[in-house]
Amino acid sequence: MPTYLKGAMISALFSISTALHASAVDRLSDLLTRHDGIQADFEQYTVSEEGARQEHSSGEFVLERPARFDWHTELPYEQRIVSDGEYIWIYDPDLEQVTRKSADNQVGSAPAMILSGNIEALEEQFDVRQLDETPEREVFELIPQEAESGFVRIRLLFTGELLTELLLEDSLGQRTSIMLGDIKVDPTVDDSRFNFVPPDGVDVILDPGV
572 MPTYLKGAMI SALFSISTAL HASAVDRLSD LLTRHDGIQA DFEQYTVSEE
622 GARQEHSSGE FVLERPARFD WHTELPYEQR IVSDGEYIWI YDPDLEQVTR
672 KSADNQVGSA PAMILSGNIE ALEEQFDVRQ LDETPEREVF ELIPQEAESG
722 FVRIRLLFTG ELLTELLLED SLGQRTSIML GDIKVDPTVD DSRFNFVPPD
772 GVDVILDPGV
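According to my numbering, the sequence shown is numbered sequentially starting from 572.
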């Protein structure tokens with residue numbers, strides 16, 4: 572094949588790939604940002620490379636875009652992760668300990684980034700593809716552009732245009748599934764839920780990056 576034809580073919584393929592990427596990002600953006608808030612129950616578990624289910628946790632969360640959330644793990648051990656948009660508080664009642672971090676330092680947290688609908692950050696850090704699209708179900712795959720991101724792929728499953736599952740796979744082959752249920756969109760939530768006040772008597776640890 573003449574060199575100029577090879578060049579034209581490669582250019583065309585690259586253009587198609589770029590267009591598909593842009594289309595997938597646009598659709599994902601539409602799905603993630605069409606609601607200002609969401610409240611749901613969650614079930615989270617890890618699966619080994621051999622397929623064995625290893626760890627399980629469950630709880631409830633509420634999110635108010637762009638950056639406020641309260642992720643409350645109830646079982647097997649209670650933990651709350653609360654963000655007011657400026658700080659993130661991680662409270663472990665069993666340890667009687669609270670850690671405060673800057674919300675700006677958490678932009679690399681993939682699940683939080685996805686749920687918050689931070690599309691610009693997602694597009695900068697991931698290649699986005701749409702794997703499946705039917706009236707009932709849509710699946711997206713996110714591949715990190717940097718190897719040190721901690722994940723080799725993330726898949727998002729939307730059912731009825733609502734995010735119902737996140738599947739994250741790390742470099743060791745371990746998969747983490749976060750399944751969402753009893754989903755409520757644009758719930759009425761009191762602002763106090765996002766303003767965490769450490770209980771009396773707990774140790775407060777300030778992250779060095781704050």
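The C-beta atom is built at its ideal place from N, Cα and C for all residues, glycine as well.
DSSP state of Phe765, grouped into three classes?
The answer is helix: DSSP assigns Phe765 an H, G or I state.
Which same chain residues end up closer than 6 Å to Phe729 when comparing Cβ atoms and leaving out the 5 residues on each side of it in sequence?
Same-chain partners within the cutoff: Leu602 and Glu709.
Let's test the definition: count the other Cβ atoms within 10 Å of the Cβ of Leu713 and tell me whether it reaches 16, buried, or not, exposed.
Buried is the call here.
Going by the CB atoms, is the gap between Phe722 and Leu739 shorter than 7 Å?
Phe722 sits close to Leu739, with the two beta carbons spaced by under 7 Å.
Within the stretch 667 to 736, ranges of the alpha helix (DSSP H) (whole runs, at least 4 residues):
For the alpha helix (DSSP H) assignment, the uninterrupted runs of no fewer than 4 residues enclosed by the stretch 667 to 736 are, from N- to C-terminal side, 681 to 687 and 690 to 696.
Segment contact, 8 Å Cβ cut-off, at least three pairs: the stretch 760 to 772 with the stretch 622 to 639
By the Cβ test, the stretch 760 to 772 is in contact with the stretch 622 to 639, since at least three Cβ pairs between them sit closer than 8 Å.
8 Å contact criterion, which Val760 and Ile690 should meet: CB distance rounded
Contact between Val760 and Ile690 is absent: CB atoms are separated by about 23 Å, not below the 8 Å threshold.
By alpha-carbon positions, which one of Thr670, Leu733 and Pro682 ends up nearest to Lys755?
Ranking the options by Cα distance to Lys755, first place goes to Leu733.
For Glu621, the residue or residues it bridges with in DSSP:
Its beta-bridge partners do not exist; DSSP assigns none.
Contact defined as beta carbons within less than 8 Å: I believe Pro779 pairs with Val669. What is the distance between those atoms, to the nearest angstrom?
Between the beta-carbon of Pro779 and that of Val669 there is about 16 Å, and that puts the pair past the 8 Å contact cut.
Using DSSP with H/G/I as helix, E/B as strand and the rest coil, what is Ser628?
If DSSP states are grouped into helix, strand and coil, Ser628 belongs with the strands.
Beta bridge counterpart(s) of Asp641 as assigned by DSSP:
Paired residues: Val633 and Val653.
Count the other CB atoms, across all protein chains shown, that sit within 10 Å of the CB of Tyr648; report buried if there are 16 or more and exposed otherwise.
Exposed, because fewer than 16 other Cβ atoms sit within 10 Å of the Cβ of Tyr648.
Per DSSP, the bridge partner or partners of Gly608:
DSSP, once it has assigned bridges, lists Glu635 as partnering Gly608.
My output table needs one value for Glu601: the three-state DSSP class, helix, strand or coil.
Checking the sequence, you will find Asp at residue 601 rather than Glu. Annotated three-state conformation of Asp601 is helix, per DSSP.
Which same chain residues end up closer than 8 Å to Leu599 when comparing Cβ atoms and leaving out the 5 residues on each side of it in sequence?
Excluding residues within five positions, the ones whose Cβ falls inside 8 Å are Ile690, Leu693, Val699, Gln701, Phe711 and Leu727.
Our contact map puts Leu743 next to Pro682 with C-beta atoms below 8 Å; I'd like the distance itself, whole angstroms only.
With 8 Å as the limit, Leu743 and Pro682 do not qualify as a contact, their Cβ atoms being about 18 Å apart.
C-alpha gap between Leu584 and Glu707, whole angstroms
Because the pLDDT of Leu584 is 31, which lies under 50, any placement of that residue in the model is unreliable, and the question is left without a value.
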